[in-house]
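Working notes, structure below.
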Amino acid sequence: MQDTTNKNPMENIDDWEENLKERYPEETKEGPKEKTEEEFRNYIDSERLETVREFYKINHTYQTYDFVCKKEAEFLKFDKKEMSLWEAVDFLNTLVDDSDPDIDLDQLQHLLQTSEAIRADGHPDWFVLTGFIHDIGKVLCLFGEPQWAVVGDTFPVGCKYAETIVYPDFFKENPDYSNPKFNTKYGVYSPNCGLDKVKMSWGHDEYLYQILKNYLPEPALYIIRYHSFYSQHREESYTHLMNEKDIEMFEWVKKFNPYDLYTKAPVKPDVKALKPYYEDLVKKYLPDTLKF
Ligand SMILES: [Fe+2]
Ligand SMILES: [Fe+2]
């Protein structure tokens, strides 16, 4: 078999999010929101759709229980780089896409659009900060990790893959799919054991959670850790693994999701004007440097 593990099928690390908006269109009082011209243009771009499919094919094939254990051992030593949050933001922003810069926002712009929308709705400051930092874990790409091990929907490994995960058929190529240790409803877990005991597919969510777990309020940590877990926060397919605390905290994960998904307007936020507010916010919650 040809080795595809280092392949990066998508031109832009965030192309999979277009597919997310197709799966979960924004709701208005009148029903699903009409596509803007730009969204429509992205949607009919079948080449993009094909690369997203290819991306999930590799993701679903290689995200096994053992793979996650291996990545945890490699990255949770935090010996890659020590940076302030601002250095991490600048570092993340060096992630250059091959796709159209007129349509696509850079990473800092996505973060600021998310957090500014949260701020405009009058939410607490830790929620605004969470919006601002939620994707910093994508620096994994800059440590040489392939797209399929950084972004995309996340899901539990070590138990049966839910049918509600995007492109479920691709899991048939995953060795855990036919391993009786991992392919039952509970797999290596027990009923309502709590998500903290459940290994999620490896990506930017879990990585950033592990970096920040001592610094932010609990709902913020849940948002960071599970914001790509669509098969639970949208589909509720893994409630049997959750405890009461998880269920309570997922209300925040659900509250966060529309800000992440639907605030990508092509209007670019004024970074310079916003920076002082965010500098204070970062200082309030985070230490001078973080270990990646
Ligand atoms: Fe994300
Ligand atoms: Fe995001």
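In terms of our numbering, the sequence shown opens at residue 8 and continues consecutively.
C-beta atoms are modelled at their ideal positions from N, C-alpha and C, and glycine is treated no differently.
Keep in mind the model is a prediction, meaning the values are calculated, not measured.
Option in LYS298, PRO273 and LEU248 with minimal Cα separation from ALA216: The residue you asked about is not Ala; residue 216 is Tyr in the sequence shown. Ranking LYS298, PRO273 and LEU248 by CA distance to the CA of TYR216 puts LYS298 first.
Whole-angstrom C-beta distance between ARG241 and ASP212, which should lie under 8 Å: With a Cβ gap of about 15 Å, ASP212 and ARG241 do not count as contacting.
Proximal residues to TRP133 (C-beta, below 6 Å), its chain only, five neighbours per side dropped: PRO224 and ALA227
beta-carbon THR121 near ligand 2 non-hydrogen atom, thresh 8 Å: yes
Beta-carbon spacing of LYS145, LYS167 below 9 Å: Taking 9 Å as the Cβ cut-off, LYS145 and LYS167 do not qualify as a contacting pair.
Element boundaries [alpha helix (DSSP H), containing PRO265]: 251 to 269
Beta-bridge pairing of GLY38 - partner residues as DSSP gives them: THR35
Near ligand 2: HIS67 beta-carbon under 8 Å from a heavy atom: No, ligand 2 has no heavy atom inside 8 Å of this Cβ.
Residues sharing a beta bridge with LEU297, DSSP: MET90
Separation of THR35 from ASP128, as counted between CA atoms: If you take the alpha carbons of ASP128 and THR35, they lie about 17 Å apart.
Exposure label - LYS40; buried when at least 16 CB within 10 Å: The residue in question, LYS40, is exposed, as its Cβ has fewer than 16 Cβ neighbours within 10 Å.
Alpha helix (DSSP H) segments (min. 4 residues) lying fully within the region 104 to 169: 114 to 127 and 132 to 140
Per-residue burial, PHE150 [other beta carbons within 10 Å of its own, 16 or more giving buried]: Exposed, because fewer than 16 other Cβ atoms sit within 10 Å of the Cβ of PHE150.
Cβ shell of MET256 (< 8 Å), same chain only, five flanking positions each side left out: Only GLU225, PRO226 and TYR229 meet the Cβ criterion.
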